[in-house]
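Student:
Residue numbers (our numbering): 21 to 174.
1. Roughly how many whole angstroms lie between the Cα atoms of residue 158 and residue 101?
2. Comparing C-alpha positions only, which one of 98, 84 and 35 sits nearest to residue 161?
3. For residue 41, which of helix, strand or coil comes out of DSSP?
4. Using the three-state DSSP reduction, which class does residue 23 fall into: helix, strand or coil?
5. When the distance is taken between beta carbons, is residue 117 closer than 8 Å to residue 79?
6. Can you tell me the Cβ-Cβ gap for residue 90 and residue 29, rounded? I've got them flagged as a contact below 8 Å.
7. Is there contact between the segment 149–156 and the segment 107–115, where contact requires at least three CB pairs shorter than 8 Å?
8. Quick one: Cα of residue 134 to Cα of residue 128, how far?
9. Out of curiosity, what's the CA-to-CA distance linking residue 74 and residue 48?
10. So what's residue 64 in DSSP terms, helix, strand or just coil?
11. Enumerate, from N- to C-terminal direction, the unbroken alpha helix (DSSP H) stretches of 4 or more residues contained entirely within the segment 110–171.
12. Out of 138, 122, 84 and 114, which has the shortest C-alpha to C-alpha gap to residue 149?
13. Checking the sheet assignment: what are the DSSP bridge partners for residue 70?
14. Less than 8 Å between the beta carbons of residue 81 and residue 44, yes or no?
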């Protein structure tokens, strides 16, 4: 019986990508929340918080991307899944949007948040819903990185 697609980047059988992805997601969603609060309150502290959240999210996204790329390069079964490319491509778009979002906030401060930064943050959250759905499909439908009785990595 064939084995499940395995995670090449793993620690003690646990996929590193799955360990890292909650961080950029949380940071990018929190950026959107900070933008909403800034929009409603006008308190510039929320702009500062969103700049730090974006920076931390970008760093963690880069680490998660390295682990995900290692998995893609390490197993042909993973490379052959359409969901992988939709997930990865969507997340590349997220990172590019957030790089621009971070840079404009760094360069322009509060002026970069309303309305452009808020809209970009909303777009990112919507894309993350899609890429998360595709990531869910890779794990729960295609069993990527899942150890079961037929998986030699478990």
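Glycine residues also receive a C-beta, built at the ideal position from the N, C-alpha and C atoms.
Note that this is a predicted model, so its numbers are computed, not measured.
Tutor: To lay it out plainly:
1. As a first step, residue 158 is located in the chain shown; it is residue number 138 there, counting from the start. As a first step, residue 101 is located in the chain shown; it is residue number 81 there, counting from the start. Rounded to the nearest angstrom, the two C-alpha atoms are 8 Å apart.
2. On the chain shown, position 141 is the one that residue 161 refers to. It is 98 whose Cα lies nearest to the Cα of residue 161.
3. Start at 1 with the first residue of the chain shown, and residue 41 comes out as number 21. Coil at residue 41, not helix or strand.
4. Within the chain shown, the letter at position 3 stands for residue 23. Residue 23: coil per DSSP, three-state reduction.
5. For this step, residue 79 is matched to residue 59 along the chain shown. For this step, residue 117 is matched to residue 97 along the chain shown. No, these two residues do not count as a Cβ contact at 8 Å.
6. Stepping through the chain shown from its first residue, residue 90 is reached at position 70. Stepping through the chain shown from its first residue, residue 29 is reached at position 9. With a Cβ gap of about 4 Å, residue 90 and residue 29 count as contacting.
7. yes
8. Along the chain shown, read from residue 1 onward, the residue named residue 134 stands at position 114. Along the chain shown, read from residue 1 onward, the residue named residue 128 stands at position 108. Going from the Cα of residue 134 to the Cα of residue 128 covers about 11 Å.
9. In the chain shown, counting from the first residue as 1, residue 74 sits at position 54. In the chain shown, counting from the first residue as 1, residue 48 sits at position 28. Computed Cα separation, rounded: 6 Å.
10. Residue 64 sits at position 44 when you count from the first residue of the chain shown. The answer is coil: DSSP assigns residue 64 none of H, G, I, E or B.
11. 138–160
12. Counting from 1 along the chain shown, the entry for residue 149 is found at position 129. Among 138, 122, 84 and 114, the Cα nearest to that of residue 149 is on 114.
13. What you label residue 70 is simply residue 50 of the chain shown in a count that begins at 1. Answer is none; residue 70 lacks a bridge partner.
14. Taking the first residue of the chain shown as position 1, residue 81 is located at position 61. Taking the first residue of the chain shown as position 1, residue 44 is located at position 24. Taking 8 Å as the Cβ cut-off, residue 81 and residue 44 qualify as a contacting pair.
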